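Participant: When we follow our numbering, the leftmost residue of the sequence shown carries the number 991, and every step to the right adds one.
For every residue, glycine included, the Cβ atom is placed at its ideal position computed from N, Cα and C.
Everything numeric in this text was worked out from a predicted model, so none of it was measured.
Here you go, one structure.
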Amino acid sequence: MRLIFLGPPGAGKGTQAESICKDYNIVQLSTGDILRANRKHGTELGRKAQSFMDAGELVPDQIIIDMIKEELKKPELVNGYILDGFPRTVPQAEALGNLLTDMGQKLDTVLVLEVPSEELVQRLTARRTCRTCGKSYHLIYNPPKKDGVCDLDGGELYQRDDDKEEPIRNRLKVYENQTKPLIEYYTAKNLADNINGLGKIDEIYSNIKQVLDRYK
Ligand code: AP5
């Protein structure tokens, strides 16, 4: 199964992708996680991406396209994948289309997770993320078992620099202007499945499952 997860910052893409990958035995490819891992390890890519990410701006298209091109070659993707946070612009979507054609691959669907912006600000300001594995929690809606500690690996939970009020507002603006047009782009290709992202995490997942079971 090959999927794209499209939705605004804080819509719950990372949260839901975790369950999807477990149940459908596919791999999550999150461009945000890959960039953060590069920053942590001080690579050239990480250094190039840093200022854009902290300001809530998009990293330039060509950097992201080169990065995803390498990722898509990895053998662990053989059972399928979910692209989380990519594509985010029309040029990225076009580049992905070309890469998939070259690789003889087709997308099954684009899941569009819809959440109103007031809720997104609320979710992101109270998000905490594991420094080790990147799993995200919410201080109220999805708290860890022990304060400040990741349930999965005991890693320290921290607040991302771009989860502060100002970068959040900018990320939402960037989404509206640059990423939202992709909903129309994929709808025109008959590839979009809309999911209501408001409600309990489990209920949203069960709606996602109903959609994905059609592509098994
Ligand atoms: P990235 O890491 O991709 O950030 P994002 O798209 O802004 O998405 P998030 O990770 O913030 O949100 P999410 O939808 O995964 O939400 P989550 O599940 O955590 O990108 C970061 C930066 O990297 C970008 O700004 C850019 O600079 C750069 N970048 C990345 N990809 C790029 C690209 N392709 N091109 C250019 N630049 C790129 O949930 C959020 C919170 O809500 C959590 O606390 C969670 O516990 C909680 N929550 C989840 N579901 C619910 C629910 N149903 N009810 C209540 N709370 C919930």
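Can you tell me the Cβ-Cβ gap for R992 and L1097, rounded? I've got them flagged as a contact below 8 angstroms.
Facilitator: Here residue 992 corresponds to residue number 2 of the sequence shown, with the count starting at 1. Here residue 1097 corresponds to residue number 107 of the sequence shown, with the count starting at 1. So it is a contact: roughly 5 angstroms between Cβ atoms.
Participant: Does the contact criterion of 3 or more C-beta pairs under 8 angstroms hold for the segment 1089–1107 versus the segment 1168–1185?
Facilitator: yes
Participant: If we count the other Cβ atoms within 10 Å of its Cβ and call it buried at 16 or more, is Y1071 buried or exposed?
Facilitator: Here residue 1071 refers to the residue found at position 81 when the sequence shown is read from its first residue. Answer is buried; the Cβ neighbour count reaches 16.
Participant: Under the rule that 16 or more other beta-carbon atoms within 10 Å means buried, what is G1075, buried or exposed?
Facilitator: Looking up residue 1075 in the sequence shown gives position 85. Counting Cβ neighbours within 10 Å, G1075 comes out buried, since at least 16 surround it.
Participant: Thinking C-beta only, is A1085 closer than 8 angstroms to I1053?
Facilitator: In the sequence shown, residue 1053 corresponds to position 63, counting from 1. In the sequence shown, residue 1085 corresponds to position 95, counting from 1. It is not a contact, given that the beta carbons lie outside the stated cut-off.
Participant: Determine the closest residue to L1142 out of R1121, D1151 and D1092, with distance taken between C-alpha atoms.
Facilitator: Sequence index remark: in the sequence shown, residue 1142 carries index 152 (1-based). Considering only alpha carbons, the answer is R1121.
Participant: Can you tell me which of the three DSSP states A1001 falls into?
Facilitator: Here residue 1001 refers to the residue found at position 11 of the sequence shown. Here A1001 sits in coil by DSSP.
Participant: Are there 16 or more other CB atoms within 10 angstroms of the CB of R1078, so buried, or fewer, so exposed?
Facilitator: By one-based count along the sequence shown, residue 1078 stands at place 88. Classification of R1078: buried, given that the 10 Å Cβ count is 16 or more.
Participant: Does the beta carbon of K1064 fall short of 7 angstroms from some heavy atom of the ligand AP5?
Facilitator: For this step, residue 1064 is matched to residue 74 along the sequence shown. It does not: the Cβ of K1064 is nowhere closer than 7 angstroms to a heavy atom of the ligand AP5.
Participant: Between which two residues does the beta strand (DSSP E) harbouring A1182 extend?
Facilitator: Position 192 of the sequence shown, counting from 1, holds the residue named residue 1182. Looking at the DSSP string, the run of the beta strand (DSSP E) that includes A1182 is A1182 to N1186.
Participant: Within 10 angstroms of the Cβ of S1041, are there 16 or more other Cβ atoms? Answer buried if so, exposed if not.
Facilitator: The count along the sequence shown starts at 1 and reaches residue 1041 at position 51. Its Cβ having fewer than 16 others within 10 Å, S1041 is exposed.
Participant: Output the boundary residues of the alpha helix (DSSP H) element that contains T1091.
Facilitator: In the sequence shown, the residue the question calls residue 1091 occupies position 101. Here the alpha helix (DSSP H) through T1091 covers V1080 to M1093.
Participant: Report yes or no: do the segment 994–1011 and the segment 1121–1132 share at least 3 C-beta pairs separated by less than 8 angstroms?
Facilitator: yes
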